[in-house]
Amino acid sequence: MSESWRRIRAVAGNTFLEAVRQKVFAVMLIFGLVFLGGANYFADFSFQEQFKFLKDLGYATISLTGLLVGLLGAAQLIPAEIERRTILTALCRPLRRWEFVLGKYLGLAALLGAMLMIMALMFWVVLRWKEAQLMGTEGSDTAVAQAIQAEARDPRLWQAFVLMAAKLFVISAIAVFFSTLATSTTFVVAMTLMVVFIGHLQSVAREQWLESGETLGWILKMFLAAVALLVPDFNLYNLIDEIVAGNVVYWRATLEVAAYSITYVLVLLMAAAWLFEGRDL
Amino acid sequence: MSPAVLTGSLRKEFKLGWGRGRVLAVEGLDLEVKRGEVFGLLGPNGSGKSTAMKMILGLLRPTAGQAEVCGFRAGTLAARKQIGFLPENPYFPAFLSGAELVSYYGKLCGMGGKRLEARVQELLALVRLGGEAGQRPLRTYSKGMLQRAGLAGALVSDPEIVMLDEPTAGVDPAGSREIRDLIRELKQRGKTVIFSSHLLEQVEDVADRVIILHRGQKLREGRLEDLLTQTTEWQVRARGLREDRRKELHAWLVQQGAEIMQEGFPRERLEDFFLRSLPEKERR
Ligand SMILES: Nc1ncnc2c1ncn2[C@@H]1O[C@H](COP(=O)(O)OP(=O)(O)OP(=O)(O)O)[C@@H](O)[C@H]1O
Ligand SMILES: [Mg+2]
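What follows is the structure in structure tokens.
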């Protein structure tokens, strides 16, 4: 096991190193950071509005940057190795195919995690900076000062961070799953987006059917069950929107979603490894 | 002891998909490579050399037949532990340095720590990529340097079998001589070397045994000596024979009833001439 783990770590480390040295990701990260930093200068309304604006923009930036890296990065993980034929010099070693798939995924996940972490920290700094600014101008009133601090030190930032990471990890796992079948990155991206789309729709569709009171034919039931099983329910991640809107979201719910996500990632990776096992290289 | 590589009726068909039919790449291939042997896979482009190697490594699934490496089923972890492989026109992660590449492959073989570090340095020195060259990104390497870095990578775990697909393709004569010297050295250390080539004169120098593939099928097989020695003819190569004596020799041979097929000044191979023209210390 320890030897197996060492090999997985080598693949993951190499993947991480490649992304870092390719600098594309550095550019994206800088884009995210600049955007977050710049967001501070836009707002000029009441402090509630300022925080609202800052948070909308901040969460959007983090999740967009994360999506670019998670989706595009994951979609080319394996196709690029096949295209460049570097996969031959890796998989002729005593390295199992599932170890390769897992290592690749973990390398990307580490990169994604690191990027999200850096951006979340940056966001936190921006919020505290705003706090300091506002305290200077409007903080003389204790009630206002408390309200400002509550907004700026909102611990839900970290919940949103966990939820975003979970969502992006699932999306990248879907992309890795498709990339073990395909050679074209475009195909992988398109398929992944389609699954995410279905994932958003499925629970809405299910509710619609249930509410309409129609009795469903068993074929339709089976179909819905299959979709529900195969496609993660992306509406769960709407908790992020709740947080941005300022609503209460419990940690328990957050962690449940995280656990659900990890389960899906594991299932997807196992399926990916299984499909990849028999593939000619 | 089980042979280094054993295949039985190995066959590979590639499905082209979307009803475009299939390509038969290897058909009914029986191979036995003994331990400690230098084995050459010869054949024109598209004859199935690379396909056969990839099946032995488990990178491709055979359509039918089986392959074993040192007694282990091809493609299993145990089988792959025995082989170091250098693919044809290899591409390596260009963002790594030579040293990082060899070290990465070492880790993929489950190696690590001080032992791996020492091994990396030893191998880089062996393929003349020690010092500064080993620290540069592969992106900046020449074709020959890449090939040598790949060789070091193939040897990192000190495998029993070294499998090289067109190791001398795109390498200059001096470089390809070096690779052949390395193959000989590996043989001396008791390793089995399997390599493919269509540059036949280079194979001659090092291979103990060869097979010739054509359209996926085995045409000929055997020890080079047996295949190439023409026991119905005789050849003499002499020095210091005066011109008038040459005529005498000719007449005598005719008198003995021999049919003279070739006579005259021998010609050096261009490769040897080329190597002789290089400065002394770069010849090796
Ligand atoms: N992935 C593939 N899909 C379809 N056909 C393939 C594939 N790989 C190889 N072939 C076909 O199989 C045959 C054998 O190819 P292979 O690469 O093994 O030849 P080779 O002897 O290594 O040739 P070369 O000297 O050019 O390297 C060729 O006809 C080739 O077109
Ligand atoms: Mg070939």
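Chains A and B, in that order, give the protein sequences.
Position 277 of the first sequence, counting from 1, maps to 336 under my numbering, and the rest follow consecutively.
Position 120 of the second sequence, counting from 1, maps to 326 under my numbering, and the rest follow consecutively.
Heads up, the beta-carbon is just placed ideally off N, CA and C, and yes, glycines get one too.
Check, Outcome
"Given that G316 (chain B) touches chain A, what residues does it touch there, using C-beta distances under 7 Å?", "E62, R65, R66 and P153"
"Using beta-carbon positions only, say whether A305 (chain B) and Q341 (chain B) come within less than 8 Å of one another.", "yes"
"If you run the structure through DSSP and keep just helix, strand and coil, what is I400 (chain B)?", "strand"
"For T213 (chain B), write down the residues that DSSP places opposite it in a beta bridge.", "B:L237 and B:A273"
"If we ignore side chains and look at the alpha-carbon of each, how far apart do R386 (chain B) and H404 (chain B) end up?", "14 Å"
"Indicate, with yes or no, if ligand 2 has a heavy atom lying under 7 Å from the CB of D371 (chain B).", "yes"
"Ligand 2 heavy atoms versus the CB of S403 (chain B): any closer than 7 Å?", "no"
"State the start and end residues of the unbroken alpha helix (DSSP H) segment that holds K320 (chain B).", "G319 to L332"
"Is M207 (chain B) helix, strand or coil by DSSP?", "coil"
"Cβ closer than 8 Å: which chain C residues qualify as neighbours of Q81 (chain A)?", "In the displayed structure, chain C is absent; the protein chains listed are A and B."
"Assuming the contact rule is C-beta atoms closer than 8 Å, I367 (chain B) and Q288 (chain B) should be a hit. Round their C-beta distance to whole Å, please.", "5 Å"
"Run the proximity test for S502 (chain B): is its beta-carbon closer than 7 Å to any non-hydrogen atom belonging to ligand 2?", "Summary: the structure shown does not reach residue 502 (chain B), with chain B confined to residues 207 through 490, and so no result is reported for it."
"Taking only the alpha-carbon atoms, compute the straight-line gap between V326 (chain B) and L288 (chain A) and give it to the nearest angstrom.", "48 Å"
"Using only alpha-carbon positions, find the residue among B:S309, B:M351 and B:E391 that is nearest to A375 (chain B).", "B:M351"
"Taking 8 Å as the CB-CB cut-off, is E77 (chain A) touching chain B?", "yes"
"Is it the case that the CB of E294 (chain B) approaches a heavy atom of ligand 1 more closely than 7 Å?", "yes"
"With DSSP collapsed to three states, give me the class of K487 (chain B).", "helix"
"Runs of 4 residues minimum, wholly inside the stretch 221-305 of chain A: which ones carry the alpha helix (DSSP H) assignment?", "244-270, 277-289 and 298-303"
"For L295 (chain A), which option in A:L92, A:T313, A:K280 and A:I278 has the closest C-alpha, if you only look at C-alpha atoms?", "A:T313"
"Cβ of F291 (chain B) less than 8 Å from any chain A Cβ?", "yes"
"Residues of the stretch 249-272 of chain B with a CB closer than 7 Å to any CB of chain A: list them in chain order, please.", "L263, L265, L266 and R267"
"Label T148 (chain A) either buried or exposed according to how many other C-beta atoms from any shown protein chain fall within 10 Å of its C-beta, with 16 as the threshold for buried.", "buried"
"In angstroms, rounded to a whole number, what distance separates the CA positions of I25 (chain A) and L150 (chain A)?", "Residue 25 (chain A) lies beyond the residue range present for chain A, which begins at 60 and ends at 340; the question has no answer from this structure."
"Count the other C-beta atoms from every protein chain shown that fall within 10 angstroms of the C-beta of V307 (chain A), then say buried if there are 16 or more, exposed otherwise.", "exposed"
"Taking only beta-carbon atoms, is A69 (chain A) less than 8 Å away from chain B?", "yes"
"My understanding is that S309 (chain B) touches L330 (chain B), with C-beta atoms under 8 Å, so please give their C-beta distance in whole angstroms.", "The Cβ separation is near 10 Å, so there is no contact."
"Should M174 (chain A) go down as buried or exposed, given a rule of 16 or more other Cβ atoms within 10 Å for buried?", "buried"
"Does the Cβ of G290 (chain B) have 16 or more other Cβ atoms within 10 Å, making it buried, or fewer, making it exposed?", "buried"
"Under 9 Å between beta-carbons, which chain A residues line up against G359 (chain B)? List them in chain order, please.", "T148"
"Name the DSSP bridge partner or partners of E427 (chain B)?", "B:I417"
"Find out if the Cβ-Cβ distance for the pair L170 (chain A), F90 (chain A) is shorter than 8 Å.", "no"
"What residues of chain B sit near T201 (chain A), judged by a beta carbon separation below 8 Å?", "Going along chain B, no residue has its Cβ under 8 Å from T201 (chain A), so there is no contact; the nearest lies around 56 Å."
"Counting only Cβ pairs nearer than 8 Å, list the residues of chain B close to L340 (chain A).", "K260, L265 and L266"
"Let's see if you can read the secondary structure: which residues bound the beta strand (DSSP E) around G246 (chain B)?", "V244 to L248"
"Which chain B residues sit within Cβ distance under 7 Å of G337 (chain A)?", "R267"
"For the putative contact between V247 (chain A) and S238 (chain A), defined by C-beta atoms under 8 Å, what is the C-beta separation to the nearest angstrom?", "5 Å"
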